[in-house]
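*Asks:*
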């Protein structure tokens, strides 16, 4: 009974959502209350960890139920992306000494992506034969982690611009580099999969063009750091990181939700 | 600091992104007005065949020099900025891998062959056109009914055991399916569909049972006629003009068009339809010949298509190098920490 509830039932969303909400509230409180800052920060971190654990359990249960990595359809895509965002929050919380506005924004983003899962149909969907390959799982896994890292870079950039927190810049760069690497893995896995399934490494459909543009954008941003780094260019790079995330959001969501195409999300 | 090559690269990147996104939106929203940049042409030119220059439009022509300039610029950056140092070998690995993959892709587009389609039956061997003496054979061994259920049981998953042969020597044998083509030295055989196909009918004509397939001619014993099967329709449908067509591939209402060919050339050929459900209605009954439709002849049939990809090795090697380069870059924090974060 519990297994079904955690796989397809409302608990599969409500439990991580509640945990994430507590984590988010603690994180926001931590920003404003200086006296109990350390406690609130740890509370936020602990609940974020619990949220990822509960989400991972649901993902594993759905994996066993469906026989494939559960990233098919809108519910699973949002659910997994939210899990990636919270996982990146946990990673950065471990590495950054003083968490701030940027990481809270990342947590909020995780919450925003998990929220629509309440109303989205949750049955485990079967996989079409063309998607039934480990390359598809790798493609999605890397792309979502790449997107989550781009989101983190945008959140930290926002903090950098708002609070002039220069120590955040190292992590903006690392998130962009790591995200770009993951996105490159995603593109390579996708290209090999497309070749063995459709005899074409690349399809110049709407999703393909926007994904290529996104990859090119971050490639350009990574190369830009070799030009010169001064106060102005740091600010400009932070703006570019936010713009890059807007491009990411449109490539991930905008194309799937607003336009018709074979590549749904 | 030498900033010109990378600086130009960035400008080109931004222009290319802008053009790509603008073009993709124009293609999506107003494909008819801008029919000359329809995505079909764009696909055909970029993927199908680089030699089909007549499909190139102004928009694509604008992109190509930019992409070429970008490639040159990346090469310049690669050598002027990274050099041959040990620490910088990692980023060189990624860039070289990426360029190798692009060269392989261009080789494929220019010299490759795509999409030659063939239909083969169970146990049949056929030569592949343009593949220098290679032939393909569909071996027996998979029950198509089981195969079609697929792993999840919801979708059809075509499967077939394919053998690639050179003369009598078998080069490779695999169970092909979706996401599993037969690959051999840059040549690929893709399974399009596999399953049972209706090929003919078993009939009782007077007191004799015959099996006749599409296109075959059989003599009728003690009759001055031969019988020929012209066409088979698994799911009979008749349109407004009275033409017969098949509504689906399912064996819902099978019909076969047959011709009675007189042995003597003086008589005319008579053509008509045999229906499984109404076997008394047939062109032979007019001649006083009794016909009974006994059963349908079904055969395993597989549709495959072939591709020749001379650049496949380069593409895969390039991707592998780029992956290795990326993995090293992930661990090579020292490199990007020193270069990227002067404020640290």
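Protein chains in written order, with the working numbering: chain A, 1 to 265; chain B, 266 to 609. Every residue, glycine too, gets a C-beta built ideally from N, C-alpha and C. As the structure is a prediction and not an experimental result, all values here were calculated from the model.
Over the uninterrupted alpha helix (DSSP H) stretch that includes residue 76 of chain A, give me the two end residues.
*Replies:* 73 to 95 is the extent of the alpha helix (DSSP H) around residue 76 of chain A.
*Asks:* So, at 7 Å on beta carbons, what are the nonlocal neighbours of residue 589 of chain B in its own chain, with the 5 sequence-adjacent residues on each side left out?
*Replies:* Correct list, in chain order: 358.
*Asks:* Which of helix, strand or coil does DSSP assign to residue 551 of chain B?
*Replies:* DSSP places residue 551 of chain B in helix when its eight states are reduced to three.
*Asks:* What first and last residue would you give for the alpha helix (DSSP H) that runs through residue 174 of chain A?
*Replies:* Taken as a continuous stretch (DSSP letters only), the alpha helix (DSSP H) holding residue 174 of chain A covers 168 to 198.
*Asks:* For residue 594 of chain B, write down the residues that DSSP places opposite it in a beta bridge.
*Replies:* DSSP lists no partner for residue 594 of chain B.
*Asks:* Whole angstroms are fine: how far does the CA of residue 136 of chain A sit from the CA of residue 187 of chain A?
*Replies:* If I take the Cα positions, the gap works out to 11 Å.
*Asks:* Roughly how many angstroms separate the alpha carbons of residue 466 of chain B and residue 387 of chain B, rounded to a whole number?
*Replies:* Using only the alpha carbons, I get a separation of about 18 Å.
*Asks:* Within 7 Å (strictly less), CB to CB, does residue 197 of chain A reach chain B?
*Replies:* Yes, contact with chain B.
*Asks:* Could you work out which residues of chain A lie near residue 444 of chain B, taking near to mean beta carbons separated by less than 8 Å?
*Replies:* By Cβ distance, chain A contributes 129, 130, 132, 133, 135, 193, 196, 197.
*Asks:* Where DSSP assigns a beta bridge to residue 623 of chain B, which residues make up the other side?
*Replies:* Because chain B spans 266 through 609 in this model, residue 623 of chain B falls outside it and cannot be assessed.
*Asks:* Among B:561, B:536, B:478, B:487, whose alpha-carbon lies nearest the alpha-carbon of residue 517 of chain B?
*Replies:* Closest option to residue 517 of chain B, Cα to Cα, is B:561.
*Asks:* What are the residues of the region 437 to 467 of chain B that lie near chain A, defined by any Cβ-Cβ distance shorter than 9 Å?
*Replies:* If the cut-off is 9 Å between Cβ atoms, the region 437 to 467 of chain B has 442, 443, 444, 445, 446, 448, 453, 455 near chain A.
*Asks:* Find the nearest neighbour of residue 151 of chain A within the set A:88, A:208, A:139, judged by alpha-carbon distance.
*Replies:* Looking at the Cα atoms, A:88 is the closest of the given residues.
*Asks:* Near residue 510 of chain B, what residues of its chain come up, given a Cβ to Cβ distance below 8 Å and the 5 sequence neighbours on each side ignored?
*Replies:* Once the five neighbours on either side are set aside, the close Cβ partners of residue 510 of chain B are 498, 502, 503, 504.
*Asks:* Where does residue 287 of chain A sit, in a helix, a strand or coil, going by DSSP?
*Replies:* The structure shown does not extend to residue 287 of chain A, since chain A is modelled only from 1 through 265, so no value can be given for it.
*Asks:* At which residues does the beta strand (DSSP E) containing residue 567 of chain B begin and terminate?
*Replies:* Unbroken beta strand (DSSP E) run through residue 567 of chain B: 556 to 573.
*Asks:* Using three-state DSSP, classify residue 465 of chain B as helix, strand or coil.
*Replies:* Residue state, collapsed to three classes: strand.
*Asks:* Any beta carbon of chain B sitting closer than 7 Å to that of residue 183 of chain A?
*Replies:* By this cut-off, residue 183 of chain A is not an interface position.
*Asks:* Rounded to a whole number of angstroms, what is the C-alpha to C-alpha distance between residue 118 of chain A and residue 45 of chain A?
*Replies:* So the alpha carbons of these two residues sit roughly 23 Å apart.
*Asks:* Measure the alpha-carbon distance for residue 12 of chain A versus residue 95 of chain A and round it to whole angstroms.
*Replies:* In a straight line, the C-alpha of residue 12 of chain A is about 29 Å away from that of residue 95 of chain A.
*Asks:* For the beta strand (DSSP E) that contains residue 493 of chain B, what are its first and last residues?
*Replies:* Counting along the chain, the beta strand (DSSP E) containing residue 493 of chain B begins and ends at 490 to 498.
*Asks:* Judging by CA-CA distance, which residue of A:201, A:100, A:62, A:244 is the nearest neighbour of residue 162 of chain A?
*Replies:* Of the candidates A:201, A:100, A:62, A:244, the one whose C-alpha sits nearest the C-alpha of residue 162 of chain A is A:100.
*Asks:* Which residues mark the beginning and the end of the beta strand (DSSP E) in which residue 162 of chain A is found?
*Replies:* Not the beta strand (DSSP E): residue 162 of chain A falls in the alpha helix (DSSP H), residues 134 to 163.
*Asks:* From residue 145 of chain A to residue 182 of chain A, what distance separates their C-alpha atoms?
*Replies:* Taking the straight line from one Cα to the other gives about 7 Å.
*Asks:* Using only CA atoms, which one of A:222, A:32, A:25, A:37 lies nearest to residue 48 of chain A?
*Replies:* Considering only alpha carbons, the answer is A:25.
*Asks:* Please confirm whether residue 569 of chain B and residue 454 of chain B have their CB atoms less than 7 Å apart.
*Replies:* Yes. Within cutoff.
*Asks:* Can you tell me the Cα-Cα spacing of residue 581 of chain B and residue 544 of chain B, whole angstroms?
*Replies:* If you take the alpha carbons of residue 581 of chain B and residue 544 of chain B, they lie about 58 Å apart.
*Asks:* Rounded C-beta distance between residue 221 of chain A and residue 172 of chain A? I'm assuming under 8 Å.
*Replies:* Incorrect: roughly 10 Å between the Cβ atoms, too far for contact.
*Asks:* Any idea which residues DSSP pairs residue 452 of chain B with across the strands?
*Replies:* In DSSP, residue 452 of chain B forms a bridge with B:449, B:573.
*Asks:* Go to residue 502 of chain B, then tell me how far its alpha helix (DSSP H) extends in each direction, as first and last residue.
*Replies:* First-last for residue 502 of chain B: 501 to 503, but that is the beta strand (DSSP E), not the alpha helix (DSSP H).
*Asks:* Compare the beta carbon distance of residue 463 of chain B and residue 563 of chain B with 7 Å and say whether it is the shorter of the two.
*Replies:* Closer than 7 Å, so yes.
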